[in-house]
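Be aware that the sequence shown starts at 1, since it is given in UniProt numbering, and climbs by one per residue. Notes follow the structure.
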Amino acid sequence: MATVTPQMVKQLRDRTDQPMGLCKQALDQSAGDLDAAIVWLQKQNSKMGVKREGNETAEGRVGTYFCNTDKVAAIVEMRCESAPSAKSDQFVGLAGDVAKHVATASPADVAAALSQPFGAGTLQDRINDVVGVIREKMILQKFNRLTGAVYGSYVHHDGTVGVLLACTGAAANDELLRDVSAHIAALNPPYATVAAVPADVVAKEKELVQADMAADPKNAGKPANILEKVAEGKLKTRLAEVVLTEQPMANSAKYPNTTVGAALQKAGLTVQQYIRYKVGAVTY
């Protein structure tokens with residue numbers, strides 16, 4: 001049986017990020033064999049996940065990944081128990097790894113993703129490794145995977161809100177697509193384009209515009225064609241509040257007097273769809 005030295009313990013800690021005491025125990029249990037100690041740690045981390053299974057995972061972060069060369073992208077929501085853990089380097093890295101895995105491995109659902117190969121183990125093993133470091137329950141809550149478009153993304157600094165944006169176009173504009181994704185994260189528009197607004201919503205907005213105009217004495221006696229043009233302008237203004245492409249870019253200093261649609265059009269891009277995640281919220 002090999003003597004476990006401090007250098008061996010440090011080497012195992014550097015490779016696994018596990019506590020020193022646990023690394024020493026793993027090496028003792030594995031007769032000083034480094035690879036066997038790693039397997040032992042993985043088993044312990046898996047047991048820890050089972051022990052914490054009943055714990056609530058109310059915190060977490062969003063992770064995104066896209067590759068415009070391969071035209072694949074993914075957005076994931078990872079959950080954990082506490083806000084400090086959600087902001088840790090280990091959890092941030094985990095969210096990124098999971099998003100990349102989902103985009104490239106194309107799992108059918110969460111259960112399939114967790115059982116897919118990742119490194120020397122599975123994706124669940126990758127999660128368990130971080131569980132072993134942070135000592136909290138962690139789960140892959142949900143994901144969306146997209147293919148065949150030009151992509152951009154944005155994740156808020158605290159990780160709680162993230163957006164994956166898909167556009168059609170000849171080439172990506174990373175800076176613009178990130179800015180539009182940040183706009184979506186901040187303003188949360190329910191519709192991408194005017195054409196995407198349901199007919200009943202448009203009809204209701206028209207009714208409201210007409211009611212407002214009828215109640216305004218300034219419109220009395222105006223020709224019908226003038227009133228129609230005014231109504232069209234008011235309707236466009238109302239729709240701009242809920243339609244992404246009609247909204248002024250949130251970063252007005254960088255994009256003065258420019259709507260989202262105009263900024264994308266100038267770059268040869270057209271919005272196709274976007275997915276906005278907020279930790280703990282329903283996705284639409």
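Just so you know, even glycine gets a beta-carbon here, dropped at the ideal spot from N, CA and C. Model, not experiment: these values are computed from the prediction.
| Of the residues D179, Q210, A73, Q44, the one placed nearest A253, counting alpha carbons only | D179
| said: Any contact between the region 201 to 210 and the region 227 to 243? By contact I mean 3 or more CB pairs, one from each, below 8 Å. | reply: yes
| task | Specify the secondary structure class of M138 as computed by DSSP and reduced to three states. | result | coil
| field | Exposure label - M20; buried when at least 16 CB within 10 Å | value | exposed
| Close beta carbons around N257, own chain, < 8 Å, minus the five adjacent residues each side | Sequence-distant partners of N257 (beyond 5 residues in either direction) whose C-beta falls short of 8 Å from its own C-beta, in its chain, are P248.
| message | If we require 3 or more residues per run, which beta strand (DSSP E) segments fall completely within the region 103 to 185? | response | 139 to 147, 150 to 155, 161 to 169
| task | Can you tell me which of H156, Y65, D14, H183 puts its alpha carbon nearest to the alpha carbon of V242? | result | Looking only at H156, Y65, D14, H183, the smallest Cα-Cα distance to V242 is reached by H183.
| query | From the beta carbon of V242, is the nearest beta carbon of chain D less than 8 Å away? | reply | Of the chains in the structure shown, none is chain D; there is only one protein chain.
| task | Please list, in chain order, all residues of the same chain as G148 whose beta carbon is under 6 Å from its beta carbon, the five residues on each side excluded. | result | Hits under 6 Å: K71.
| field | Separation of A105 from Y284, as counted between CA atoms | value | Confidence is the limiting factor: at Y284 the pLDDT is only 45, short of 50, which leaves the residue's position unreliable, though a coordinate-based value still follows. Counting only the Cα atoms, A105 lies some 24 Å from Y284.
| message | A103 and F66 - do their beta-carbons sit closer together than 8 Å? | response | yes
| message | Per DSSP, what are the beta-bridge partners of T64 in this structure? | response | I75
| For Q247, three-class secondary structure by DSSP | coil
| query | When the Cβ atoms of the region 139 to 154 are set against those of the region 74 to 84, are three or more pairs found closer than 8 Å? | reply | yes
| So what does Y255 bridge to, in DSSP terms? | According to DSSP, residue pairing for Y255 in a beta bridge does not occur.
| message | A166 and Q273 - do their beta-carbons sit closer together than 8 Å? | response | yes
| said: Does E205 pass the burial test, meaning 16 or more other C-beta atoms within 10 Å, or should it be called exposed? | reply: buried
| request: State yes or no: is the C-beta of T64 within less than 8 Å of the C-beta of C80? | output: no
| Between which two residues does the beta strand (DSSP E) containing T270 stretch? | In this chain, the beta strand (DSSP E) harbouring T270 covers 269 to 278.
| message | Please report the distance separating the alpha-carbon of D14 from that of V271. | response | 44 Å
| message | Tell me whether D212, by its Cβ, gets closer than 7 Å to a heavy atom of the ligand ADP. | response | Of the ligands one can find in the structure shown there are none, so the ligand ADP has no counterpart to examine.
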